Amino acid sequence: MTLFPSPLVGYLLVAALLFAIGLAGALVRRNAIMVLIGIELMLNAANLNLIAFWRFGPRPEALTGMMFAIFSIAVAAAEAAVGLGLVISIHRHTGTTDLEKMNRMKG
Amino acid sequence: MNPVFYLLAALTLGGGLAAILLKHLIHAALALTVAFAGLALLFLQLDAQFAGFAQILVYIGAVAILVVFAILLTHSDLPKEGVFSRTWLAGLAIAAAVFAVLGWAVLASIDDIPQQNTTPLATVHDIGNALVGRYVLPLEIVALLLTAATIGAVIVAMHEKERPR
Numbered sequence: 030m031t032l033f034p035s036p037l038v039g040y041l042l043v044a045a046l047l048f049a050i051g052l053a054g055a056l057v058r059r060n061a062i063m064v065l066i067g068i069e070l071m072l073n074a075a076n077l078n079l080i081a082f083w084r085f086g087p088r089p090e091a092l093t094g095m096m097f098a099i100f101s102i103a104v105a106a107a108e109a110a111v112g113l114g115l116v117i118s119i120h121r122h123t124g125t126t127d128l129e130k131m132n133r134m135k136g
Numbered sequence: 018m019n020p021v022f023y024l025l026a027a028l029t030l031g032g033g034l035a036a037i038l039l040k041h042l043i044h045a046a047l048a049l050t051v052a053f054a055g056l057a058l059l060f061l062q063l064d065a066q067f068a069g070f071a072q073i074l075v076y077i078g079a080v081a082i083l084v085v086f087a088i089l090l091t092h093s094d095l096p097k098e099g100v101f102s103r104t105w106l107a108g109l110a111i112a113a114a115v116f117a118v119l120g121w122a123v124l125a126s127i128d129d130i131p132q133q134n135t136t137p138l139a140t141v142h143d144i145g146n147a148l149v150g151r152y153v154l155p156l157e158i159v160a161l162l163l164t165a166a167t168i169g170a171v172i173v174a175m176h177e178k179e180r181p182r
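Chain order of the listed sequences is G and S. FYI, the numbering for the first sequence is 30 to 136, going by the numbering used here. FYI, the numbering for the second sequence is 18 to 182, going by the numbering used here.
Now the structure itself:
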């Protein structure tokens with residue numbers, strides 16, 4: 030089972046595919062919650078890259094990639110809380126979470 | 018590459034794909050949880066135990082629950098026009114182009130990619146020491162950010178009184 034020349038390449042390709050899936054979800058869906066789900070998938074793909082580079086890169090004992098991923102997880106949690114709060118607030122004001130109906134500022 | 022990696026990669030990518038394709042939001046949230054679990058297992062496979070368990074706690078324990086709460090609070094029927102936006106083809110094309118660029122970048126730099134294969138030792142003890150030593154300033158900033166974000170989320174989502182217009 031040696032499809033990839035080095036294990037890091039496999040992880041990087043999985044992360045790239047997951048990022049593309051998240052981006053497609055954020056761009057293609059109409060519901061605001063689904064867009065947030067797509068953004069979460071993209072953030073997770075970036076975390077997978079950080080951890081994979083930490084594992085296979087030089088000087089893993091410095092823990093840089095690992096720390097970056099842990100802080101990124103914390104920031105993503107804050108982003109999810111604020112984003113979903115905004116969606117709930119918009120739903121209360123306009124009665125919809127459909128992004129194509131939120132066109133009040135459209136010129 | 019061992020077969021476990023392929024299994025976990027298939028689980029993660031399948032979960033992510035199902036999350037953006039499923040019509041019902043609750044089903045999508047469940048598929049998202051599967052993708053998060055697959056990612057946590059990939060982290061464990063990469064010898065990053067702390068990050069893997071943090072992923073389980075934060076994403077499966079908090080973010081997935083938050084998404085489910087938001088879905089229940091904004092309960093809406095399936096839109097008649099379908100769940101995908103009118104510009105879905107352009108979005109799909111952009112995502113495919115981004116994947117092509119990322120994949121090309123990875124495959125083009127295949128000779129320069131580092132391949133150390135010594136299992137790094139990252140005990141919770143080491144991580145705690147690094148957090149209060151070298152990374153103490155980012156830690157404090159993240160603490161402030163989390164406090165501000167939770168208060169901000171509550172204020173944004175709080176029920177406000179009807180104002181006369």
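Using N, Cα and C, we set each Cβ at its ideal position, and we do this for glycine too. As the structure is a computational prediction, the values presented were derived from the model and not from experiment.
According to DSSP, simplified to helix, strand and coil, what is T146 (chain S)? First, the amino acid is wrong: residue 146 (chain S) is Asn here, not Thr. Residue state, collapsed to three classes: helix.
Within the continuous alpha helix (DSSP H) that includes N73 (chain G), where are the two ends? 61–85
Could you name the residues of the same chain whose beta carbon sits closer than 7 Å to that of A54 (chain S), not counting the 5 residues immediately before and after it, in chain order? I77
Pull out every residue of the stretch 25–50 of chain S whose Cβ sits closer than 7 Å to any Cβ of chain G, in chain order. A26, T29, L30, G33, L34, A36, I37, L42, A45, L49
Cβ closer than 7 Å: which chain S residues qualify as neighbours of M96 (chain G)? A147, Y152
Taking A165 (chain S) as the reference, give the member of G:A75, G:L65, G:A107, G:V57 with the closest Cα. G:A107
Quick one, are the C-beta atoms of P96 (chain S) and F82 (chain G) less than 9 Å apart? no
Is the distance from the Cβ of W105 (chain S) to the Cβ of V57 (chain G) below 9 Å? yes
Looking at chain G, is there any beta carbon in it that lies within less than 9 Å of the beta carbon of A170 (chain S)? yes
Under 7 Å Cβ to Cβ from M30 (chain G), same chain only, skipping five residues before and after it: list those, please. For M30 (chain G), the predicted structure reports a pLDDT of 47, less than 50, and the residue's modelled location is therefore unreliable. A value from the coordinates is still provided. Nothing listed; no residue qualifies.
Nearest-angstrom Cα distance between A26 (chain S) and A45 (chain S)? 18 Å
Using a Cβ-Cβ cut-off of 9 Å, state whether N60 (chain G) counts as contacting chain S. yes
Three-state secondary structure (DSSP) at L24 (chain S)? helix
Taking the C-alpha atoms as reference points, what is the distance between S118 (chain G) and M96 (chain G)? 33 Å
Based on DSSP bridge pairs, tell me the residues matched to F101 (chain S). G:R58
Can you say whether L46 (chain G) is buried or exposed, counting buried as having 16 or more other CB atoms within 10 angstroms of its CB? buried
Determine the burial state of F86 (chain S): buried for a count of at least 16 other Cβ atoms within 10 Å of its Cβ, exposed for fewer. exposed
Kindly indicate which residue of G:I68, G:L79, G:I66, G:E69 has the alpha-carbon position closest to the one of F60 (chain S). G:L79
Using CA atoms only, rank isn't needed, just tell me which of S:V21, S:L161, S:L42, S:V159 is closest to G99 (chain S). S:L42
Using a Cβ-Cβ cut-off of less than 8 Å, list which residues of the stretch 59–72 of chain S approach chain G; keep chain order. L59, F60, L63, D64, A65, F67, A68, A71, Q72
With which residues is D127 (chain G) paired in a DSSP beta bridge? G:N60
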